[in-house]
């Protein structure tokens, strides 16, 4: 009789368990199942483990593995016995295994739900978070195989391994017996385990980006022997920026006698460099990149920036080349920016790295900038760098990343870095595509709670070089979900800069109340109109007349800032002609001093063709130390200004460092007001994010009963829209009552159904082409008796034909109200989304739907109901009776709970939901079930698969 340990593989090799992970220090490793082919690797790995680590693993001296041990540790059935290894460069650096056990502690098979788990980490890699990452992955494997609990026996002196288990966040129990600590813990993810996992993810991914942006040494591979070319340009840009680290030029075609290029040490191979290299910038033809990656990996390079083109952007062959590139880099534990990248920039005074094709180093500042396209990156950098005819020279960049095809490092990774980067106060991102909307939304929500995040989002069609998860959600829905997460979503590069630079050095407005003052009545009125259009609450403009002096501006601005009914001020200014008119420098100083005296409210300037004022504002700022020359003061953010064209934006800066404050100026009222409106909305989101609400509990929900019903229904097929009776039953278990509709294939059955329901009733055609189309005449309402019912039945038959094709039903009348629609869907990329809108033309023709991510809190449900443009119809528009929105909000929360509790519920549609002055009635419902989709946000940490 065979024991579990004797049985060979009962399952095919589980390739889906393979994954790349980012470790605590920012390096990467590959996690994969251990197979019979790994015997030599296992022996080699074990030989490099210290005697102390071996003792901790086996509780006794164990200098070498026997042949029986090697067989046991490499032969798994991938069900009851599983082993995983973490590898770098193809070699093991750590292993973990579990063995399923029964209640007696002996080897067992399913349905036994407990397993013993044990780790071994090579000493050179201890402290990198390898064991923590392996625990996440082996736990996910165990859950997949029906194991619900792990047990581990650890020597008391093995404090590192005890900490791995206790810090994981699982519900656990500890005991001590016979000199051994026994730990038992459930594998079901908890709020704490997910929080621990995501905190580790943030630290690891942030460090992986930090290693790329702040390297101690850089090698440029592909430096041409003659001036010109990409590699030679990059080398010059790094050198000219004043990079303080060690810089190396590499080209395999260098003659042996070449010792330097432009004063930079030259080598024919990365491996010829006699010291460590942190970052390699690769600028060689695509066919030569694999050899360069191998050289870098063997030399211990930590990260790559690949500028080379010819990858996924060039077609299917290039896409395969790109996948191989990522796999190759990760095999050596390296992160990669690119390929087809424009480069990276870090203006920190102790880094000063310009490893990009930008010929000039941007001015230091506190704005983080991310772009995927090199052309967009150039445009953004130019707007943030210009003087006079562009953005003034007082606003700068902390770090810049142009990720190209973003095959590995993406906007999500850089966002993890910027989240707690002390040198970045505002994040600007131009995203042509979002590879993982679910993760980006989660990261954006956390980042936006700490610092503004302004995003231009692509139109939904990803560039050819980008690997993007398929999403069924419309572009507008994804945009709405981003706004829900606190993202300032704008449409153009100009708006990106305008909004970002306002937020970079001005305080957030306390509300939407705006004071407008200036020396042009018409410009003031134009600004007033734009404020109304953007949903702000402006007061009537204060006209100082064209004869206003600098002192007039100073006094008026000071009075406005001191007014408790004012949240922000827009100053309008036009060129003034006359002996008493203020000069540009004088006006700049007047505005600056008034704003400095009241630092709690934002001030913006709208000016028309005031080149001299722009220069004066810039000059006023230039007397102050640059951001790189002093630490930021508490409560302040970055320098700011915004514009483009000849009448460019300017900025005011206090020459006293402690009170430094910039006033952004815009050449058009609509640009200034649009930026201000984004700041107002963001400030409101920040205030609400402090208390996001809670997901309510309802005593009448039967979660277990719903799970049993869903299981029974799914046993019939993998994906199905469940019948009406089961739909009503399932929704009823969550307190959502659907008004029953009885089939009426004949007038007699219709009359019988009406008698059972009680008059008045409705007669409706439910054929697909007539469903929810009352405008086509397929519905008859308020039928008071059988005579009216039979007459209506005859009319529908005469109008549309065959009753079987019409699928007529009889339904009890609901109280009159507003027809709405509630939908929930699980999208493979974005996750579970709850949507709401008014039924009919509002949602179908105009797309007037609001969206929230599930689970929805009580506060989110309240805002969801009020987020559509047609929401006033629910609240007594034009004298109508307001409807019962609290009942509607409860319905939304119950649907959210259903989908969140049961991921098998992949779609719910309630239409129409008639919201009356008292109560809400669900007249139609459809539910679709399917096996639950993979939830990578609940699983172990992984990098996108290639």
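In the numbering used here, the protein residues as written are 157 to 1102. Cβ atoms here follow ideal geometry from the backbone N, Cα and C, with glycine treated the same way. A quick note: this is a predicted structure, and the numbers were derived from the prediction, not measured.
From the beta carbon of residue i, is the nearest beta carbon of chain D less than 8 Å away?
i, result
"residue 469", "The displayed structure is made up of one protein chain only, and chain D is not part of it."
If you follow the beta strand (DSSP E) that residue i is part of, which residue opens it and which one closes it?
i, result
"residue 332", "328-333"
"residue 584", "582-587"
"residue 938", "935-939"
"residue 460", "459-462"
"residue 898", "897-899"
"residue 1009", "1005-1009"
Give me the DSSP bridge partner(s) of residue i.
i, result
"residue 978", "992, 1066"
"residue 643", "Bridge partners of residue 643: none, in fact."
"residue 293", "Partner(s): none; residue 293 has no beta bridge."
"residue 609", "583"
"residue 272", "255, 307"
"residue 248", "243"
"residue 532", "According to DSSP, residue 532 bridges with nothing at all."
"residue 189", "240"
"residue 423", "406"
"residue 342", "305"
"residue 674", "699, 728"
"residue 502", "509, 555"
"residue 416", "421"
"residue 877", "1084"
"residue 1096", "Residue 1096 pairs with nothing; no bridge assigned."
"residue 1107", "No answer is possible for residue 1107: it lies beyond the span of the chain, which begins at 157 and ends at 1102."
"residue 182", "Bridge partners of residue 182: none, in fact."
Inspect the beta-carbon positions of residue i and residue j and report whether they are closer than 8 Å.
i, j, result
"residue 673", "residue 700", "yes"
"residue 896", "residue 884", "yes"
"residue 1068", "residue 995", "yes"
"residue 463", "residue 499", "yes"
"residue 555", "residue 369", "yes"
"residue 230", "residue 175", "no"
"residue 760", "residue 822", "yes"
"residue 992", "residue 974", "no"
"residue 398", "residue 522", "no"
"residue 751", "residue 713", "yes"
"residue 287", "residue 337", "no"
"residue 608", "residue 756", "no"
"residue 360", "residue 179", "yes"
"residue 273", "residue 216", "no"
Between the options, which lies nearest to residue i when the distance is taken from Cα to Cα?
i, options, result
"residue 301", "254, 317, 336, 333", "254"
"residue 983", "958, 918, 1060, 993", "1060"
"residue 859", "886, 868, 882, 851", "886"
"residue 964", "907, 989, 403", "907"
"residue 1001", "1026, 864, 1016", "1026"
"residue 926", "956, 880, 683, 208", "956"
"residue 335", "470, 212, 881, 489", "212"
"residue 513", "429, 391, 477, 586", "391"
"residue 644", "441, 345, 192, 831", "831"
"residue 451", "407, 279, 413, 1084", "407"
"residue 349", "324, 1078, 375", "324"
"residue 403", "412, 411, 388", "388"
"residue 193", "206, 219, 228", "228"
"residue 258", "251, 268, 250", "268"
"residue 610", "410, 526, 188, 1003", "526"
"residue 605", "695, 847, 540, 260", "847"
"residue 418", "238, 573, 396, 1077", "396"
"residue 167", "181, 386, 354, 238", "238"
"residue 412", "420, 425, 400, 642", "425"
Since I believe residue j is in contact with residue i (beta carbons under 8 Å), could you give me their beta-carbon distance rounded to a whole number of angstroms?
i, j, result
"residue 1046", "residue 1018", "So it is not a contact: roughly 11 Å between Cβ atoms."
"residue 524", "residue 580", "4 Å"
"residue 892", "residue 1008", "Not a contact, Cβ separation roughly 17 Å."
"residue 434", "residue 372", "5 Å"
"residue 634", "residue 593", "6 Å"
"residue 990", "residue 1012", "5 Å"
"residue 971", "residue 1072", "4 Å"
Specify, as a first and last residue, the run of the alpha helix (DSSP H) that residue i falls within.
i, result
"residue 1021", "1014-1021"
"residue 358", "347-369"
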